[in-house]
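Colleague: Here's a structure for you.
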Amino acid sequence: MAHDLEIGIPSQGIQGAAPSAWTLSVKQVHGTDALVVDRALSSADRFTGGWDALVTDQPGVMVAVRSADCVPILVHDPVQRVVAAIHAGWRGAVEAIVPKTLALLEARFGSNPNQVRLSIGPSAGVCCYEVDEPVLERLRQGGASWEKVVRLGSKGKANLDLKGLIRSQALAYGASPQAITTVNLCTICHEDLFFSYRREGKVNGTMISAIGLPPTQR
Numbered sequence: 065m066a067h068d069l070e071i072g073i074p075s076q077g078i079q080g081a082a083p084s085a086w087t088l089s090v091k092q093v094h095g096t097d098a099l100v101v102d103r104a105l106s107s108a109d110r111f112t113g114g115w116d117a118l119v120t121d122q123p124g125v126m127v128a129v130r131s132a133d134c135v136p137i138l139v140h141d142p143v144q145r146v147v148a149a150i151h152a153g154w155r156g157a158v159e160a161i162v163p164k165t166l167a168l169l170e171a172r173f174g175s176n177p178n179q180v181r182l183s184i185g186p187s188a189g190v191c192c193y194e195v196d197e198p199v200l201e202r203l204r205q206g207g208a209s210w211e212k213v214v215r216l217g218s219k220g221k222a223n224l225d226l227k228g229l230i231r232s233q234a235l236a237y238g239a240s241p242q243a244i245t246t247v248n249l250c251t252i253c254h255e256d257l258f259f260s261y262r263r264e265g266k267v268n269g270t271m272i273s274a275i276g277l278p279p280t281q282r
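Numbering (the numbering used here), first residue to last: 65 to 282.
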């Protein structure tokens, strides 16, 4: 299954997950584009581009992202019955991938941001996620309140609160504070629980975060 996920081919199910016909993951490129799956999938489907958000309103389709320090965000609109899985590193977060995906849900499916539920998963924490001046400059260009998600250090270094940045962007777009849950665990700190590119210096493995509508729901 890992091979199929890596090259972006739909694969049958994730062991231990809710019953589903398809689990879809694609090549991630640290961008902000979203792939919308609004029809049934077949074994002939191939997805050869790169996307960091997957959206579907199709029952029986689970959308999944892979991470090993970047932030996985799972989104569910229980009213319009649509879900999304988002992969956000610092580039995607600075470029507002979460607000852009919420805007897509609103425009394409009629989602009300105030009714959407978001789950922000484990990622590199502010305790360990050091960034340099080029990243800080991108944050400054991104608008107000960036200081709230940065702990400044010395010699142009700082620690970035990726989860805090994503949460603040979702709130600014109109998400309800009560509808956002955050797993406050650092993937770098917790060697016993998570893979971490920063800690290991290479990709030894990734975590999968997936969400979908039950096969019978429509």
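Every residue, glycine too, gets a C-beta built ideally from N, C-alpha and C.
Model, not experiment: these values are computed from the prediction.
1) For Arg172 versus His94, is the C-beta spacing smaller than 8 Å?
2) Around the Cβ of Gly269, are there at least 16 other Cβ atoms within 10 angstroms (buried) or fewer (exposed)?
3) Locate the alpha helix (DSSP H) running through Thr165, then write down its first and last residues.
4) With a cut-off of 8 Å, do at least 3 Cβ pairs link the region 116 to 135 to the region 170 to 188?
5) Quick check: the Cα distance between Arg215 and Gly228, rounded to an integer number of angstroms?
6) If you reduce the DSSP assignment to three classes, tell me which class Glu194 lands in.
7) Would Val101 count as contacting chain D if we go by Cβ distances under 8 Å?
8) Cβ of Thr165 within 8 Å of Cβ of Val143?
9) Mapping DSSP to helix, strand and coil, what is Val288?
10) May I ask you to list the residues that DSSP assigns as paired with Ala274?
11) Along the chain, where does the alpha helix (DSSP H) that runs through Leu226 open and close?
Modeller: So, from the data block:
1) Your numbering for residue 172 matches position 108 in the sequence shown. Your numbering for residue 94 matches position 30 in the sequence shown. No. Outside cutoff.
2) Locating residue 269 in the sequence shown gives position 205, where the first residue counts as 1. That one is exposed.
3) Here residue 165 refers to the residue found at position 101 of the sequence shown. First-last of the alpha helix (DSSP H) with Thr165: 161 to 173.
4) yes
5) The residue you call residue 215 lines up with position 151 of the sequence shown. The residue you call residue 228 lines up with position 164 of the sequence shown. The alpha-carbon atoms of Arg215 and Gly228 are separated by roughly 12 Å.
6) Along the sequence shown, read from residue 1 onward, the residue named residue 194 stands at position 130. Three-state DSSP puts Glu194 in a strand.
7) Among the protein chains of the structure shown there is no chain D, as only one such chain exists.
8) Position 101 of the sequence shown holds residue 165. Position 79 of the sequence shown holds residue 143. No.
9) What the structure shows of the chain is the stretch from 65 to 282, and residue 288 is not part of that stretch, so it cannot be assessed.
10) Counting from one through the sequence shown, the residue named residue 274 turns up at place 210. Partner(s): Ala128.
11) Here residue 226 corresponds to residue number 162 of the sequence shown, with the count starting at 1. Leu226 -> alpha helix (DSSP H) spans 226 to 237.
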